[in-house]
Ligand SMILES: [Zn+2]
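Numbering (the working numbering), first residue to last: 1 to 442.
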């Protein structure tokens with residue numbers, strides 16, 4: 001539930017969110033609790049004889065309840081994210097903040113920086129109850145988290161600092177463009193979002209991510225050897241695989257690909273290492289290697305640039321009428337006035353809601369192809385399917401959801417569909433070539 005108001009305002013946020021998305025099953029897909037119990041219920045998972053199809057387990061009561069509350073929280077968060085900027089805007093509060101920022105900041109650039117700092121801190125405070133409930137109370141209630149309050153709050157403050165610094169460094173860019181090019185700023189902003197996002201992803205794994213967790217080489221050397229063998233078959237240098245101590249934050253399991261250029265890497269949560277059998281883990285790594293080899297991070301940056309372009313163009317078309325009509329309430333008459341930040345946030349949030357089925361669909365497609373890559377490189381359908389079963393159990397996943405959920409929320413294929421695919425996809429048994437086999441090294 002981190003909102004990075006800065007970036008949202010900049011509209012660079014979809015780019016970052018998407019570019020980082022190519023992770024495995026997200027916590028929402030999968031949460032835990034009953035984890036151990038559930039794992040015991042599947043002892044056949046790695047028995048050598050058991051290589052047949054794996055049934056999709058029924059979700060537990062607890063998982064269904066968790067999913068239901070998750071839906072409610074999602075809706076509340078969405079409405080809250082629209083309500084807050086709307087109130088700041090229509091009450092003229094944003095214009096008052098701008099007046100203060102002008103007195104303190106004096107020049108154009110520092111007025112933006114001061115406004116942004118005040119605005120971000122106000123949002124942090126106003127959002128706090130919701131962030132606290134969704135980020136701390138809720139996962140603890142379901143035994144999905146063992147994070148201390150100190151770690152959680154410390155991470156929140158660090159996130160706030162990172163947001164403040166990045167916004168202060170970047171927000172002048174779109175506002176400068178609005179000023180210089182009132183009719184084409186949406187185009188220039190989306191173009192600039194590409195190198196900005198790429199740069200952010202280049203430095204984030206090295207500079208920002210280590211602020212929150214410890215990253216290092218894998219501790220289990222035997223397992224590391226197996227993973228590095230798989231990586232070299234996928235054409236990835238071994239030094240690109242990292243282990244992160246997520247067990248201080250969560251009981252859920254995951255892995256992801258992040259970074260860009262020299263910092264591109266696969267990150268494996270230590271919780272995942274603990275809870276998955278080696279063969280299951282190898283499939284998960286095969287999936288991540290798929291993201292890596294298929295260039296999903298770069299593709300996501302470019303895809304996001306198109307999404308930003310469409311969103312900002314629509315925002316550009318809508319803002320003029322709104323400002324003209326409500327100028328007296330808003331307390332500004334030009335979009336280039338920094339007091340317009342909540343208006344941009346509001347429009348971008350509304351428009352992303354409309355465009356979400358497209359972005360979620362794009363992400364699901366990448367995830368599906370990464371699953372295919374993982375299956376082709378490991379050829380262990382059974383371990384792949386039981387890996388998803390564990391994910392469902394550990395992360396309190398619900399394997400089948402309704403169409404609305406799928407269209408708006410599922411940035412990964414539903415777990416039931418993934419297990420079905422793992423059971424069914426094995427072209428090599430019929431002597432047919434896989435889609436990605438030509439990329440593997442012998
Ligand atoms: Zn993935």
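Every residue, glycine too, gets a C-beta built ideally from N, C-alpha and C.
{"Asked": "Start-end ranges of the alpha helix (DSSP H) lying completely within the region 230-261, minimum 4 residues", "Found": "none"}
{"Asked": "Heavy atom of ligand 1 within 7 Å of residue 367 beta-carbon", "Found": "yes"}
{"Asked": "Cβ pair residue 378, residue 440 closer than 8 Å", "Found": "no"}
{"Asked": "Residue of 427, 429, 428 and 396 minimising C-alpha distance to residue 414", "Found": "396"}
{"Asked": "Short Cβ contact (8 Å threshold) for residue 306 with residue 355", "Found": "no"}
{"Asked": "Separation of residue 331 from residue 117, as counted between CA atoms", "Found": "19 Å"}
{"Asked": "Close-in-space but distant-in-sequence residues of the same chain around residue 76 (CB under 8 Å, 5 per side omitted)", "Found": "130"}
{"Asked": "Opposing strand residues paired with residue 269 [DSSP bridges]", "Found": "244"}
{"Asked": "Given 8 Å, three or more beta-carbon pairs between the region 255-268 and the region 194-205", "Found": "yes"}
{"Asked": "Residue 9 versus residue 341 - alpha carbon distance", "Found": "Bear in mind that the predicted position of residue 9 carries a pLDDT of just 37, short of 50, making it unreliable; the figure below should be weighed with that in mind. So the alpha carbons of these two residues sit roughly 6 Å apart."}
{"Asked": "Residue range of the alpha helix (DSSP H) that includes residue 441", "Found": "First-last for residue 441: undefined, no H or E at that position."}
{"Asked": "Helix, strand or coil at residue 276 according to DSSP, with G and I counted as helix", "Found": "coil"}
{"Asked": "Nearest-angstrom Cα separation, counted from residue 416 out to residue 25", "Found": "For residue 25, the predicted model reports a pLDDT of 43, less than 50, meaning its position is unreliable; a value from the coordinates is still stated below. Each residue's alpha carbon lies about 12 Å from the other."}
{"Asked": "Paired residues, beta bridge with residue 216 - DSSP", "Found": "243"}
{"Asked": "Residue 61 Cβ short of 7 Å to ligand 3 heavy atom set", "Found": "With respect to ligand 3, the structure offers nothing, as its ligand set consists of ligand 1."}
{"Asked": "Entirely enclosed beta strand (DSSP E) segments - the region 268-341, minimum 3 residues", "Found": "none"}
{"Asked": "Endpoints, the alpha helix (DSSP H) within which residue 435 is located", "Found": "First-last for residue 435: undefined, no H or E at that position."}
{"Asked": "Simplified DSSP state of residue 264, which is helix, strand or coil", "Found": "coil"}
{"Asked": "Of the residues 272, 371, 325 and 362, the one placed nearest residue 411, counting alpha carbons only", "Found": "362"}
{"Asked": "With 16 other Cβ atoms within 10 Å as the buried cut-off, status of residue 44", "Found": "With a pLDDT of only 42 at residue 44, under 50, the local geometry of the prediction cannot be trusted, and the value read off the model is given with reservation. Answer is exposed; the Cβ neighbour count stays below 16."}
{"Asked": "Every unbroken alpha helix (DSSP H) within the region 63-145, with a cutoff of 4 residues, ordered by chain", "Found": "93-105, 108-132 and 138-141"}
{"Asked": "Residue 107 versus residue 350: straight-line alpha-carbon distance, rounded", "Found": "32 Å"}
{"Asked": "Residues near residue 423 by beta carbon distance below 8 Å, same chain, minus five either side", "Found": "53, 54, 381 and 385"}
{"Asked": "Run of the alpha helix (DSSP H) containing residue 181, from where it starts to where it stops", "Found": "Note, residue 181: premise wrong, no alpha helix (DSSP H); not H, not E."}
{"Asked": "Cβ pair residue 398, residue 193 closer than 8 Å", "Found": "no"}
{"Asked": "For residue 257 and residue 213, the rounded distance between their alpha carbons", "Found": "16 Å"}
{"Asked": "Beta-carbon gap between residue 319 and residue 347 smaller than 8 Å", "Found": "yes"}
{"Asked": "Beta-carbon proximity of residue 390 to residue 275, cut-off 8 Å", "Found": "yes"}
{"Asked": "Proximity test, residue 68 beta-carbon vs ligand 1 heavy atom, cut-off 7 Å", "Found": "no"}
{"Asked": "Rounded separation between residue 100 and residue 92 - CA only", "Found": "13 Å"}
{"Asked": "Selected residue, minimal CA-CA separation from residue 444, among 51, 405 and 89", "Found": "Summary: the structure shown does not reach residue 444, with the chain confined to residues 1 through 442, and so no result is reported for it."}
{"Asked": "Distance cut-off 7 Å: residue 370 Cβ against heavy atoms of ligand 1", "Found": "yes"}
{"Asked": "Nearest residue (CA-CA) to residue 64, options 418, 333, 407 and 393", "Found": "393"}
{"Asked": "Span separating the alpha-carbon of residue 115 from that of residue 102", "Found": "8 Å"}
{"Asked": "Sequence-distant residues of its chain with Cβ nearer than 6 Å to residue 178 (five each side left out)", "Found": "185, 335 and 336"}
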